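Heads up: the structure comes next, in structure tokens.
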Amino acid sequence: MARKPLVALVGRPNVGKSTLFNRLAGQRLAIVEDLPGTTRDRHYVDVEWGNRVFTLIDTGGLVLDDDADAGSIRRDPSISDASITRQVRAQAQIAIDEADVIVFMGDVMDGVTGQDYEIANLLRRTEKSILLVVNKVDNLKRELNVPEFYALGLGDPLSVSAERGMSTGELLDRITEALPDMPTEEEDEAALHVALVGRTNVGKSSLINRLLGEERVIVSASPGTTRDAIDTRILYKDEEIVLIDTAGIRRRGRIEQGIEKYSVLRALRAISRADVVLLLIDGVDGVTAQDTHVAGYILDQAKSVIVVVNKWDLVEKDTHTMAAYETYVRRELRFMPYVPVLFVSALTGQRVNRILPMTLRVQQERTVRLNTSQINDMIRDAVARRSPPTKGGKKLRIYYGTQTATEPPSFVFFVNDRRIVHFGYKRYLENQIRKRYKFEGTPLRLYFRDHRERER
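Have a look at this one:
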């Protein structure tokens, strides 16, 4: 599956990168504060414009090393100085390395600074598409100062006001024009993509090696060894499967090195490429806050999921331990009660042979399509068992439903007034669907439409 092009916003601190990022994303995602260095994490969002989709990355402000040659950025993640400034430089450099298009931002109020010249020199060496944007141009007087940015030698500067949204449409036009073509690899379309995700050091690479029966992926006890998503293609029961090993995901506030910040981006993109996701849990540590955070990423992208509790050989147990542990896992991940739970040991190979058969079964469930009569039979029984809600004296009426898509299975219910539908009844209908048709490991999407919308 083809990846989306990457567009990185770079520049000095406090030139308005996060404000522009939020403007282009159409929502307030990045922390914005009028203090240099506020952006310490890199944020990313998919943006669609002119029938093109790209991933936009917001980076922290670039400050070049005082003790380094001009145009170089300290990027070694093992450096002894763990200051925030050095970490921001490291993550910004990674974004520059991987980006397809770079949007270099300047500040019209400051004019061209020495740091701008040094960053421009650095960017020219990348031989990538660079768009020069001058921010905070919200009146004619400031517009007159824009031509001085020609001195950076990066082509025509585009004046914008991220705060007011001025000329951001033109900027999006220029970005989409500069995007490279990303053709889909046809040979991947028919393959089942399975991503292994989870916290660092939970055993993802070890599990892939056990599945493959050979050392195909570097395995290390050191957290964060896997920096990129690594694809391994296998054939299992005449089914072509692409296993995607990813770097460990941590809650954003716990990520300490710039290189790991980028690993999160790659892991989330691996989830977006996957059909089925194996969410690995450390059997010794149990379900942590980071695990539920990762599960939320998977649910947001509507991917099928199998929870794999690894390191089961290290857990002290008796005849009731597995049942009690599964109950515990389901309680912690109660927002996805439909997931199967497997207990394995990548080290000893215990029950690893159950993973791929379960993966194929979950994928099959993901592609199930119900006919309209099956759905409407379910609706009649569901309404008879539990009366629909009432709001303002008006009772919800469900006329009929239909399945509109698979992967994930999606259903549309036509009602008299969708405003009456509340979360509890929606969850009730989902449970009634699963009571008849299991959809194991697979999220369902339920939509409600007013009947008059269909008539129009």
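Residues in the sequence shown are numbered consecutively from 2, following the numbering used here.
Just so you know, even glycine gets a beta-carbon here, dropped at the ideal spot from N, CA and C.
Since this is a predicted model, take the numbers as computed values, not measurements.
Comparing alpha carbon positions, the residue from Thr127, Arg125, Asn140, Glu327 closest to Val340 is Glu327. For Ala179, the enclosing alpha helix (DSSP H) stretches over residues 169-179. Cα atoms of Arg13 and Gly107: separation of roughly 7 Å, rounded to the nearest angstrom. Runs of the beta strand (DSSP E) lying entirely within the stretch 191-218, each at least 3 residues long, are 193-199 in chain order.
In the structure shown, the three-state DSSP call for Phe336 is coil. In this model, Thr169 and Val161 are separated by some 6 Å (Cα to Cα). DSSP, reduced to helix, strand and coil, places Val102 within a strand of the structure shown. 8 Å or more divides the Cβ of Phe440 from the Cβ of Val422.
A Cβ-Cβ distance of about 15 Å is found for the pair Ala347 and Arg200, leaving them out of contact under the 8 Å criterion. Asp283 sits away from Lys318, with the two beta carbons spaced by 8 Å or more. In the structure shown, Val54 falls within a strand segment according to DSSP collapsed to helix, strand and coil. For Asp292, the closest of Thr322, Asp276, Leu357, Phe336 by C-alpha to C-alpha distance is Phe336. In this structure, Val345 keeps its C-beta atom at 8 Å or more from the C-beta atom of Ser305.
Separation of the CB atoms of Arg234 and Glu240 is rounded to 11 Å, and the pair is thereby denied contact status at 8 Å.
Contact fails between the stretch 424-432 and the stretch 286-300, because fewer than three Cβ pairs, one in each stretch, are under 8 Å apart. Distance from the CA of Val138 to the CA of Asp182, rounded to the nearest whole angstrom, comes to 32 Å. Taking the Cα positions, Glu144 is about 48 Å away from Val198.
Taken atom to atom, the span from the alpha-carbon of Arg355 to that of Leu371 is near 28 Å. The three-state secondary structure of Asn136, taken from DSSP, is strand. Judged by DSSP in its simplified three-state form, Gln404 adopts strand. Using a 10 angstroms sphere on the CB of Asp301, the tally of other CB atoms stays under 16, which defines it as exposed.
Straight-line spacing of the CA atoms in Arg446 and Ser273 works out to 17 Å. An exposed status is given to Asp378, since fewer than 16 other beta-carbon atoms sit within 10 Å of its beta-carbon.
Under the DSSP assignment, Arg446 falls in the beta strand (DSSP E) whose first and last residues are 446-451.
The C-alpha of Ile97 lies about 53 Å from the C-alpha of Pro390. When C-alpha distances from Val363 are compared across His194, Leu63, Leu21, Val316, the shortest belongs to His194. Distance from the CA of Ala152 to the CA of Ile120, rounded to the nearest whole angstrom, comes to 13 Å. Scanning Thr60, Leu279, Asp174 for the CA closest to the CA of Leu132 turns up Asp174. DSSP places Leu236 in the strand class (E or B) of the three-state scheme. A direct Cα-Cα distance of roughly 33 Å separates Gln433 from Arg270. Between Asn202 and the set Val134, Leu281, Leu180, the nearest pair of CA atoms involves Leu281. By DSSP's assignment, Ser305 forms a beta bridge with Val277. By the neighbour-count definition (other C-beta atoms within 10 Å, threshold 16), Ser207 is a buried residue. No residue range can be given for Leu155, since it is assigned to no alpha helix (DSSP H) and is classified by DSSP as neither H nor E.
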